[in-house]
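Worksheet: the structure to be examined is printed underneath.
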Amino acid sequence: MAEITLDVCQLRAFAEVGYQVAGGGGGAHGAMAALRRVVPVDAYEFVAFDPATGRHHSVVSDGHRRIDHDAAEEYAGLDAYRRAMATRAPVRMPEPDTERYFRRHLAPYGWRAGLTAPLFLSEGRYTGLLHLATRDAFPRITGALVAAVSPMLAHVTDLTRCVIDPVGLPPDYLAVAFDRVGTRRQVPGHEASAALWDDPAVAAFARAFIDSRELSRHGLWLGHDGRWHELRLLRAGVGFQGALQGAIVAERPCLLPYDLTGREVDVLTRVAAGDSNPQIAAALVVSVRTVTTHLEHIFAKLGCDSRTRLTTKALAEGLCRLDL
1 MAEITLDVCQ LRAFAEVGYQ VAGGGGGAHG AMAALRRVVP VDAYEFVAFD
51 PATGRHHSVV SDGHRRIDHD AAEEYAGLDA YRRAMATRAP VRMPEPDTER
101 YFRRHLAPYG WRAGLTAPLF LSEGRYTGLL HLATRDAFPR ITGALVAAVS
151 PMLAHVTDLT RCVIDPVGLP PDYLAVAFDR VGTRRQVPGH EASAALWDDP
201 AVAAFARAFI DSRELSRHGL WLGHDGRWHE LRLLRAGVGF QGALQGAIVA
251 ERPCLLPYDL TGREVDVLTR VAAGDSNPQI AAALVVSVRT VTTHLEHIFA
301 KLGCDSRTRL TTKALAEGLC RLDL
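Put into structure tokens, the structure is as follows:
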């Protein structure tokens with residue numbers, strides 16, 4: 001890479017960009033206000049790459065009278081985009097492979113020059129694009145300056161960090177975030193659960209929870225591996241800045257509490273749902289006497305003396321079975 005000499009003004013602008021992106025001020029707009037001190041920019045647009053869908057879409061912009069929402073995917077089909085991805089260097093417009101795009105999306109609005117930078121985090125993960133436009137020509141050093149600051153700006157378009165952290169989820173849970181259409185996303189600070197990620201029934205389960213009035217749900221789940229897991233569902237905002245209704249589905253392997261058996265969990269779940277002994281017997285295809293025996297054991301293990309107290313304890317401690 002060519003050596004870049006920065007003056008004090010540029011260094012201060014770069015420090016301010018990092019501060020703004022880190023949440024110390026106005027976020028994306030604050031970062032661009034700082035960058036504008038050293039780069040002549042009349043308009044900009046941050047385009048995020050969503051790894052959950054494999055598509056690009058606009059998330060933050062300023063100075064544009066109109067954003068063509070198909071432009072991001074169109075740009076991703078250009079040779080210039082593939083070249084930028086390979087070199088990680090900004091692409092100026094218009095130049096070969098970008099003239100048609102420039103005439104369609106920039107020239108009609110009075111822009112004389114454009115520059116598009118691929119955004120990669122410092123660890124090398126691609127998060128999206130930054131489009132810049134100006135009514136005058138960009139100085140020659142603009143590309144180098146934008147490339148130097150792009151790892152900081154890449155956090156603006158990082159949609160893997162698009163889940164508002166749920167309150168009350170212990171750190172040792174494996175988790176997956178869902179929106180209503182079933183798009184899966186990683187949850188910051190939690191390893192993804194392969195069991196939940198690959199099970200198509202989990203997305204439907206999450207959608208039903210999102211559509212309910214519940215804020216959270218806690219219970220026991222018998223996984224496909226034959227082991228019991230503690231399962232938690234919590235409401236959370238997903239998508240850019242948490243704008244979409246979503247849910248966190250999280251699990252961790254566990255032993256059944258209170259030395260309960262799997263069948264006792266089934267009976268306890270039915271009791272908490274308000275079923276009578278005959279209803280439980282019919283649902284589980286056992287005799288009423290068998291249900292009564294299970295209940296005697298459950299009352300003793302949980303230290304409860306009534307169905308009401310049993311139900312309260314089961315719901316409060318997540319002792320009921322949740323079937324995905």
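So the sequence shown is numbered by this note's numbering: it starts at 1 and just counts up by one.
By construction, the Cβ of each residue, glycine as well, lies at the ideal position given by its N, Cα and C atoms.
- A direct Cα-to-Cα measurement between LEU119 and VAL176 gives close to 25 Å.
- Of all alpha-carbon atoms in TYR81, ALA76 and VAL149, the one lying nearest the alpha-carbon of VAL17 is that of VAL149.
- A Cβ-Cβ distance of about 17 Å is found for the pair THR134 and PHE46, leaving them out of contact under the 8 Å criterion.
- Our two residues, GLY63 and PRO151, have alpha carbons roughly 23 Å apart in a direct line.
- Just measuring C-alpha positions, the residue of ARG103, THR116, LEU11 and PRO51 sitting nearest ALA43 is THR116.
- With fewer than 16 other beta carbons inside 10 angstroms of its own, THR292 counts as exposed.
- Minimum Cα-Cα distance from ALA154 among the listed residues VAL59, ARG140 and GLY219 corresponds to VAL59.
- DSSP places ARG180 outside both helix and strand once states are collapsed to three, so it counts as coil.
- SER61 and ALA206 have their C-alpha atoms roughly 32 Å apart.
- Contact between the stretch 25-40 and the stretch 100-110 is absent, with fewer than three C-beta pairs closer than 8 Å.
- Cβ neighbours of ALA71 within its own chain (closer than 7 Å, five residues either side excluded): HIS105.
- Bridge pairing for THR134: ALA113 [DSSP].
- For GLN245, there is no enclosing alpha helix (DSSP H); the residue is found in the beta strand (DSSP E) stretching over 244-253.
- In this structure, DSSP gives ALA43 an extended state, which the three-state scheme calls strand.
- As the crow flies, the alpha-carbon of ARG88 is around 16 Å from that of LEU132.
- Between the alpha carbons of ILE141 and PHE49 lies a gap of roughly 26 Å.
- When VAL181, ASP179, ALA84 and GLY223 are compared, the shortest CA-CA separation from ALA194 is found for GLY223.
- Rounded to whole angstroms, the gap between the alpha carbons of LEU255 and ARG321 is 13 Å.
- For ARG235, the uninterrupted beta strand (DSSP E) run begins and ends at 228-238, by DSSP.
- Just measuring C-alpha positions, the residue of ALA204, ARG252 and PRO188 sitting nearest VAL238 is PRO188.
- With 16 or more other CB atoms across the displayed protein chains lying within 10 angstroms of its CB, THR127 is buried.
- C-alpha of ALA208 to C-alpha of HIS56: approximately 28 Å in a straight line.
- In this structure, the beta-carbon distance from GLU264 to LEU174 does not fall below 8 Å.
- In the structure shown, the three-state DSSP call for SER150 is helix.
- Within the stretch 53-79, the runs of beta strand (DSSP E) that reach at least 3 residues and sit entirely inside it are, in chain order, 55-62.
- Taking C-beta atoms as the reference points, HIS218 and GLY318 count as a pair closer than 8 Å.
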